[in-house]
Structure formats: structure tokens, C-alpha cells
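1405 is the number of the first residue of the sequence shown in the working numbering; add one for each residue after it.
Virtual Cβ for every residue (Gly too), placed ideally from N, Cα, C.
These figures come from a predicted structure and were not determined experimentally.
To keep things clear, I will list the structure first and then write my remarks on it.
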Amino acid sequence: MQSSYVVHAIEGRARLRHPALADVRARGEAQALLRDEKGVNEMRFGSESLLLLMSPDADFAAICQRLEGKIPDLLRPKAEVAAARKAERRSRFGAGQAGHKGKETLRGKSFGDMLGDMQVPSFLQPFVSGKGKGKIMGISPRKFEVRTMLGAGSLCLLAGFAGGKGLHVAAGLAWATLATRHVWVRRKAL
1405 MQSSYVVHAI EGRARLRHPA LADVRARGEA QALLRDEKGV NEMRFGSESL LLLMSPDADF
1465 AAICQRLEGK IPDLLRPKAE VAAARKAERR SRFGAGQAGH KGKETLRGKS FGDMLGDMQV
1525 PSFLQPFVSG KGKGKIMGIS PRKFEVRTML GAGSLCLLAG FAGGKGLHVA AGLAWATLAT
1585 RHVWVRRKAL
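Rendered as C-alpha cells:
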């Protein structure tokens, strides 16, 4: 019976895929083991995979057993190893962020709080759930603002090419107003 990490194995070629193979230490151990392995001609590492090019007389089952001895995580379920790697990355990232509480902040306020403070125009009230913290027509207020700005810019260009001077000017003013507000609100980030 083939192991769960063997994607395919044909004569002279086998692909192994498992989150444990993404670990640098595990790759080094596999490389050291397979370099001296009889019958292995070449090995190529992917992000979470290993391609083995072997001679036709190579004993693939024995190679897998030796790999499992060097990298015991290959025997664990893929989802379990992936979750453990993800938790390890998160803990490393969190340890480097002193005082980080899981929210990106700007002058002590989270972005969600800043969006919550944003005044929603009365004509948009039917589309907004909550007090400005919810979604506008299914998207966040920031995305709505950016999409509206891009829409006004596109309308301005189309009206300019089509020859509608009044619409071109109105859409251009709307875009300029939205772009000015966008830059003003995000001036510290620029």
C-alpha cells in the first residue's frame, strides 16, 4: 500500500507531496539521505513536494521507509502538519510584534474603528447595515469608496471620448472630489 504523501510513482519517477516537505530542516535531511541513496539519480524540491528521478532498479518502498525514519512528520496527516506549521508561523510573527493585539492600528485606533467613525451619506443609509461599520451593498466601506472613485474616473474618460462635455465635467469633478478625499484620509500612509 502506498503512503498518503505519494502523489504518483511510476518506473523511474515519483512525486511526494506533504506539508512536512516545506520545512527547510526536513528538506536538508531528505537531501542528505537521498544523495547517498542507491538508485536516486536526481531530486527536485517544490514548495511542499519532492520529485524523485530514479533508475529503473531503485527500491522505492525502501526509499520511502528511510525518508519516514528521517522525517517522521510524513506519517502524520497532512492537515495536522499544515495546521502545526501555520500555528508556528503565527507564533513567530506574533513574537516579533511587541504589543501587537491582532489589529493594525494608526494612532491607537484600529481601521475598523476609523471606518466606524466614517459618516455615511443619507442616500446610502438603505444600503448600510449597522452604524457605518457594516457593508455597503455587500462590500466594505473602503472598497466601496475606491470602486466609486474608479467608476467616476472611468465615466469621465468614457464621456470624454464620446463627446458628452457636461457628463465629462461632472464625472471629472466627482472623481477629483473622491480622489482628494482619498488622499487626505490616507495622507499619513503616503
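Beyond the five residues adjoining it in sequence on each side, Gln-1469 comes within less than 6 Å, by CB distance, of no other residue in the same chain. Annotated as proximal: Phe-1464 and Ala-1418, with beta-carbon spacing under 8 Å. When the five nearest sequence neighbours on each side are left out, no beta carbon in the same chain lies closer than 7 Å to the beta carbon of Thr-1581.
Per the DSSP secondary-structure output, Phe-1449 pairs in a beta bridge with Leu-1454. Comparing C-alpha distances from Glu-1415 to each of Pro-1460, Leu-1561 and Ser-1407 shows the shortest one belongs to Pro-1460. Residue range 1410-1414 is occupied by the beta strand (DSSP E) that includes Ala-1413.
For Arg-1551, the enclosing alpha helix (DSSP H) begins and ends at 1545-1566.
Close CB contacts of Gly-1473 within its chain, under the 7 Å cut and outside five residues either way in sequence, are absent.
In this structure, the straight-line span from the alpha carbon of Ala-1566 to that of Ala-1556 is close to 15 Å. A straight line joining the alpha-carbon of Gln-1435 with that of Ala-1487 spans about 24 Å.
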